[in-house]
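Just below is one structure, and these are the notes that go with it.
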Amino acid sequence: MVMARLSSFADGEKAVPCYYIFGDSLADSGNNNMLQTVAKVDYSPYGVDFPRGPTGRFTNGRNIVDFFGPSFPHT
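The sequence shown begins at 1135 in the working numbering and counts up one residue at a time.
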């Protein structure tokens, strides 16, 4: 991610409209609310460390994408 960020500055590329993040152990994308399953994570204690509460993620709060995402240019 860091190398991609540095190369975008060097090439003068424009911002992209969005980033697609595929969930793994470091990037829980939070799409559990959209699934028809009994394994929901949209209630407490999930999301207790996240500003807006439970988000459908199996993580408690922000993940690596949430920390690095704002530093990448996007529209």
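Where a beta carbon is used, it is the ideal one built from N, C-alpha and C, also for glycine.
Small disclaimer: the values here were computed from a predicted structure and weren't measured.
Worksheet entry | DSSP state of valine 1150 mapped onto helix, strand, coil | The sequence position of residue 1150 within the sequence shown is 16, counting from 1. Three-state DSSP puts valine 1150 in a strand.
Worksheet item: Can the beta-carbon of tyrosine 1154 be found less than 8 Å from the beta-carbon of phenylalanine 1206?
Response: Walking along the sequence shown from the start, residue 1154 turns up at place 20. Walking along the sequence shown from the start, residue 1206 turns up at place 72. Not a contact, by the Cβ cut-off of 8 Å.
Fill in: C-alpha gap between alanine 1173 and glycine 1190, whole angstroms
As a position in the sequence shown, residue 1173 is number 39, starting the count at 1. As a position in the sequence shown, residue 1190 is number 56, starting the count at 1. If I take the Cα positions, the gap works out to 10 Å.
Discussion item. Out of Ala1149, Asp1162, Val1150, Pro1151, which one is the CA nearest neighbour of phenylalanine 1201?
Written reply: Taking the first residue of the sequence shown as position 1, residue 1201 is located at position 67. Nearest of Ala1149, Asp1162, Val1150, Pro1151 to phenylalanine 1201, Cα basis: Asp1162.
Worksheet item: For the alpha helix (DSSP H) that phenylalanine 1206 lies in, which residues bound it at each end?
Response: Taking the first residue of the sequence shown as 1, we reach residue 1206 at position 72. Careful: phenylalanine 1206 lies outside any alpha helix (DSSP H) and carries neither H nor E.
Worksheet item: Would you call tyrosine 1177 buried or exposed, if buried means 16 or more other Cβ atoms sit within 10 Å of its Cβ?
Response: What you label residue 1177 is simply residue 43 of the sequence shown in a count that begins at 1. So tyrosine 1177 ends up on the exposed side.
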